[in-house]
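So for the sequence shown, the UniProt record's numbering puts the first residue at 1; every next one is plus one.
Cβ coordinates follow ideal geometry from the N, Cα and C atoms, glycine included.
Just below is one structure, and these are the notes that go with it.
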Amino acid sequence: MELQHPNKERLKSIENRLEKLTSELSTIKKTALQALLIDNADFLKLMNISSSTAQNWRNKGIIAYSQIENKIYYKVSDIEQLLDLHYRPFKRAN
1 MELQHPNKER
11 LKSIENRLEK
21 LTSELSTIKK
31 TALQALLIDN
41 ADFLKLMNIS
51 SSTAQNWRNK
61 GIIAYSQIEN
71 KIYYKVSDIE
81 QLLDLHYRPF
91 KRAN
């Protein structure tokens, strides 16, 4: 025989909400990681460069990267740093 607790429905509601929040948090974490890293194909598209140019930049140490087997990843923060380092502000001619 199952005992009936006066707050059983309320506890079940809280449990369901916690499960939903846990699931949403897991999705947010995955999305956040994807936003922090991009793969080589996305980097080539973003920078509008060829794969050989990207290879040259990696060899020269112009852009930092991670490589796992044949897959290359870049941190978005490293790409922003690269762009900031090579930023040339517009100067008006007098």
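Going by C-alpha to C-alpha distance, which of the options sits closest to residue i?
i: D39; options: N70, S23, N16, K60; result: N70
i: I72; options: S51, K29, T22; result: S51
CB residue i to CB residue j, shorter than 8 Å?
i: L82; j: I63; result: yes
i: V76; j: L36; result: yes
i: Y87; j: Y74; result: no
Over the uninterrupted beta strand (DSSP E) stretch that includes residue i, give me the two end residues.
i: Q55; result: Looking at the DSSP string, Q55 is not in any beta strand (DSSP E); the run it does join, the alpha helix (DSSP H), is 51 to 60.
i: K75; result: 71 to 75
i: Q67; result: 66 to 68
What did DSSP end up calling residue i once you bin it into helix, strand or coil?
i: I14; result: helix
i: T22; result: helix
i: Q81; result: helix
i: E9; result: helix
i: I28; result: helix
Provide the residue span of the alpha helix (DSSP H) that contains residue i, from first to last.
i: A41; result: 40 to 47
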